[in-house]
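*Asks:* Going line by line, the protein sequences match chains A and B.
First residue of the first sequence? That's -10 in this note's numbering, and the numbers climb one at a time after it.
First residue of the second sequence? That's 825 in this note's numbering, and the numbers climb one at a time after it.
C-beta: ideal position from N, C-alpha, C; glycine also.
Keep in mind it's a predicted model, so treat the numbers as computed, not measured.
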Amino acid sequence: MHRSRREFVKAGSVLGLTVAAGLITAEEARAQQQAWNKAAFESKSLDETVKALGGSGSAQSADVAITAPDIAENGAVVPVAVASKIPNTQAIYILVEKNPNTLAAGFGIPAGTEANVATRIKMGQTSNVYAVVKADNKFYVATKEIKVTLGGCGG
Amino acid sequence: MPDPMRIRATEQPDGVDVRVLMSHEMETGQRRDSAGAIVPAHFIQTVVVSYNGKPVLNAEWGPAVAKNPYLQFKFKGGKKGEKVSVTWVDNKGETRTDEATIG
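Structure, rendered in structure tokens:
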């Protein structure tokens, strides 16, 4: 009886430890989730998104380049790359005008990282794609129209 | 447990080129299943790429990032044989971390 009690206590403490370990990662995950800018991802236009990101407006800039196809045959996978030549680029955002929510992705660029990122996004229909660059707390934008052909028949 | 990421980090004259392919459904929350019910959103929200314990890229994603997300960028200062780690967290709190050696 004594022994079984001992084992019970032991099992209990092991269980407690695993739960505690689990809680720490869950906590970290929650902290990261809270860092996610919900307002920006729910915005419906370029201006709204820039506001949600803390800017008051954006200026067209030739120093921001979007590399993407003119025609995307499959809107579910559209490769988009954004490069910024503006000094002190802090962040790069990719926005799709006619998606249900405009903001698709944001990338924080720490010092030492090239202001040039590539990813793949989804597009519901033919739309303007904006690349927004935050540098010295100002926002710069470049625009490119990408045509989406549905049905997979090509252009 | 989600599937592992595929990470390739290569040293180049102008920095370390990092390419990551994650395995994730990236469900938008807009689609309906055959019964007409909305498929709940399930997508990666944050991605952190670290080198030597310091972040070299912080990404925030919405559901408009394509399924099985791809990410490519370059950072300066990394050397062959050192490690780069990538962590993502999705909107359900699931997370995954993988490491790759710079080659």
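#1: In three-state terms, what does DSSP make of L12 of chain A?
#2: Who are the neighbours of N26 of chain A on chain B, taking C-beta pairs under 7 Å?
#3: Could you pull out every unbroken beta strand (DSSP E) segment of at least 3 residues lying fully inside the segment 61 to 139 of chain A, listed in chain order?
#4: Which residue wins for smallest C-alpha separation from K900 of chain B, given the options A:F30, A:K74, A:N63, A:I98?
#5: Thinking C-alpha only, which one of A:K111, A:T102, A:D52 is nearest P851 of chain B?
#6: Taking the alpha carbon of E103 of chain A as the point to measure from, which residue in A:I55, A:A29, A:P76, A:S47 has its own alpha carbon closest?
#7: Measure the C-alpha to C-alpha separation of D857 of chain B and W25 of chain A and round it to an integer number of angstroms.
#8: Chain A beta carbons: is any one of them nearer than 8 Å to that of K904 of chain B?
#9: Which residues, in chain order, does the segment 56 to 77 of chain A contribute to contact with chain B at a C-beta distance below 9 Å?
#10: Ignore the nearest five residues each way along the sequence and tell me which others in P58 of chain A's own chain have a CB closer than 8 Å to its CB.
#11: Give the straight-line distance between the Cα atoms of S847 of chain B and V908 of chain B, rounded to the nearest whole angstrom.
#12: Could you tell me whether the segment 122 to 131 of chain A touches the segment 46 to 58 of chain A, using the rule of 3 or more Cβ pairs below 8 Å?
#13: Mapping the DSSP letters down to three states, classify F30 of chain A as helix, strand or coil.
#14: What three-state label does DSSP hand K950 of chain B in the structure shown?
#15: Do you know whose CA, among A:Q114, A:R109, A:V122, lies nearest K891 of chain B's CA?
#16: Counting only beta-carbon separations shorter than 8 Å, does I135 of chain A have a partner in chain B?
#17: If you check the beta carbons only, do V106 of chain A and I81 of chain A fall under 8 Å apart?
#18: Taking the DSSP output, what are the residues bridged to S47 of chain A?
#19: At the 8 Å Cβ level, is Q869 of chain B part of the contact set with chain A, yes or no?
#20: From the DSSP output, read off the bridge partner residues of L35 of chain A.
#21: Let me know the beta strand (DSSP E) ranges lying completely inside the segment 839 to 889 of chain B, each 3 residues or longer, listed in chain order.
#22: Roughly how far, in whole angstroms, is the beta-carbon of T138 of chain A from the beta-carbon of E62 of chain A, given that I think they are within contact range, below 8 Å?
#23: Under the assumption that T834 of chain B contacts G905 of chain B (Cβ atoms under 8 Å), give the Cβ distance between them as a whole number of angstroms.
#24: Just the Cα atoms here: how many angstroms apart are F897 of chain B and A859 of chain B?
#25: Using a Cβ-Cβ distance cut-off of 8 Å, determine whether A107 of chain A contacts chain B.
#26: How many angstroms separate the CA atom of G917 of chain B from the CA atom of L895 of chain B?
#27: DSSP three-state label for K40 of chain A, please.
*Replies:* The answer reads as follows:
#1: In this prediction, L12 of chain A has a pLDDT of 46, which is less than 50 and means its spatial position is unreliable; what the coordinates show is noted afterwards. Three-state DSSP puts L12 of chain A in a helix.
#2: E884
#3: 67 to 73, 78 to 85, 92 to 97, 105 to 110, 116 to 124, 127 to 137
#4: A:I98
#5: In the sequence under discussion, the amino acid at residue 851 of chain B is Glu, which differs from the Pro named in the question. That would be A:K111, whose Cα lies nearest to the Cα of E851 of chain B.
#6: A:P76
#7: 28 Å
#8: no
#9: A65, V66, V67, P68, A70
#10: V67, P68, I135
#11: 18 Å
#12: yes
#13: helix
#14: Residue numbering for chain B in the displayed model covers 825 to 927; residue 950 of chain B lies beyond these limits and cannot be assessed.
#15: A:R109
#16: no
#17: yes
#18: A:F128
#19: yes
#20: L35 of chain A pairs with nothing; no bridge assigned.
#21: 839 to 845, 868 to 875, 878 to 885
#22: 5 Å
#23: About 12 Å; that fails the 8 Å criterion.
#24: 41 Å
#25: yes
#26: 21 Å
#27: helix
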